[in-house]
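A.B. asks:
2 protein chains.
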Amino acid sequence: MTRAMGVVGGKWKPILIFTIGAKRVRFGQLAHTVNLISRKVLTEQLKELEEDGIVIREAFAELPPRVEYRLSAHGLGLLPILEQLCQWNSARPPAVGAP
Amino acid sequence: MTRAMGVVGGKWKPILIFTIGAKRVRFGQLAHTVNLISRKVLTEQLKELEEDGIVIREAFAELPPRVEYRLSAHGLGLLPILEQLCQWNSARPPAVGAP
């Protein structure tokens, strides 16, 4: 459990995974969409997600160089779980203890 | 998404939620079961989980005083999602990038 949370927990990773979704996105698009994240933190988070096998980074031998990010099969498998987590959270009872 | 991760993310909360599960547990049982957590951190985490409506703390008017923790209905709704997250994580491909 701790391992799973370590892989997808934290402030940015779930949002990045959600934002990439089933698409291919560029660094600039991510930096623009996830607007409060710094480029430095975005670089680090993408690197960690890549190391954990959740994101695939593809560099194209073109000029100017083109780099795209997409979710791996394993990363795609996380989307429905994150979706459920969002639904669970939006069904949250008001702050006073629920019965 | 960030809100959901804020509520259940982090190192201890998922383990505490899992450990409580569908049972009623005492502070001492939790401190014993989740062995690397300090009593101070356990107290703080339980308080946050209570404020977020995930855990219900029940104090019984007895001598010596008895306090029990259980998951609220909302908290119980999280168990299957955490279960899926564990399964997802155990299906993780080896470190080399998955296709």
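Quick mapping for you: the protein sequence lines, in order, are chains A and B. When we follow my numbering, the leftmost residue of the first sequence carries the number 1, and every step to the right adds one. When we follow my numbering, the leftmost residue of the second sequence carries the number 101, and every step to the right adds one. By construction, the Cβ of each residue, glycine as well, lies at the ideal position given by its N, Cα and C atoms. Note that this is a predicted model, so its numbers are computed, not measured.
Please report the residue range of the beta strand (DSSP E) in which B/Arg192 lies.
C.D. replies: It is not in any beta strand (DSSP E) - B/Arg192 carries neither H nor E in the DSSP assignment.
A.B. asks: Does the Cβ of B/Val107 have 16 or more other Cβ atoms within 10 Å, making it buried, or fewer, making it exposed?
C.D. replies: Classification of B/Val107: buried, given that the 10 Å Cβ count is 16 or more.
A.B. asks: Excluding the 5 residues preceding and the 5 following A/Lys40 in the sequence, name in chain order all residues of the same chain whose CB lies nearer than 7 Å to its CB.
C.D. replies: none
A.B. asks: Pairing CB atoms from the region 3-23 of chain A with CB atoms from the region 41-60 of chain A, are three or more of them under 8 Å?
C.D. replies: yes
A.B. asks: What first and last residue would you give for the beta strand (DSSP E) that runs through B/Arg157?
C.D. replies: 155-160
A.B. asks: Can you give me the Cβ contacts of B/Val125 inside the same chain, cut-off strictly under 6 Å, excluding the 5 residues immediately before and after it?
C.D. replies: Setting aside the 5 residues that flank it on each side, B/Val125 is surrounded in the same chain by Tyr169, each with a C-beta closer than 6 Å to its C-beta; the list follows chain order.
A.B. asks: Is there a C-beta anywhere in chain B that falls below 8 Å from the one on A/Gln29?
C.D. replies: no
A.B. asks: DSSP three-state call for B/Leu136: helix, strand or coil?
C.D. replies: coil
A.B. asks: Here's the rule I'm using: 16 or more other beta-carbon atoms within 10 Å means buried, otherwise exposed. How should B/Gly128 be labelled?
C.D. replies: That one is exposed.
A.B. asks: How about B/Asn189: is its C-beta nearer than 8 Å to some C-beta of chain C?
C.D. replies: Annotation note: the requested chain C is absent from the structure, which comprises protein chains A and B.
A.B. asks: Should A/Gly97 be flagged as near chain B, meaning a C-beta pair shorter than 8 Å?
C.D. replies: Confidence in A/Gly97 is poor, its pLDDT being 49 and thus under 50, which makes the residue's placement too unreliable to answer from.
A.B. asks: Within this structure, are the beta carbons of B/Leu163 and B/Val155 separated by less than 8 Å?
C.D. replies: no
A.B. asks: Quickly, what does DSSP pair A/Val25 with across the bridge? List them, please.
C.D. replies: A/Tyr69
A.B. asks: Starting from the C-beta of B/Asn135, find all residues in its chain whose C-beta is less than 7 Å away, skip the five residues before and the five after it, and write them out in chain order.
C.D. replies: none
A.B. asks: Hey, B/Gly153 and A/Trp88: beta-carbon distance below 8 Å or not?
C.D. replies: At the C-beta level, B/Gly153 and A/Trp88 stay beyond 8 Å of one another.
A.B. asks: For the candidate residues A/Pro93, A/Gly75, A/Cys86, whose alpha-carbon lies nearest to that of B/Arg192?
C.D. replies: Just measuring C-alpha positions, the residue of A/Pro93, A/Gly75, A/Cys86 sitting nearest B/Arg192 is A/Gly75.
A.B. asks: Skipping 5 residues on each side, what residues in its chain have a beta carbon closer than 8 Å to that of A/Phe60?
C.D. replies: Arg66, Val67, Glu68
A.B. asks: Just verifying my parser: in three-state terms, what is the DSSP assignment at A/Pro113?
C.D. replies: Residue 113 of chain A lies beyond the stretch modelled for chain A, which goes from 1 to 99, so this question has no answer here.
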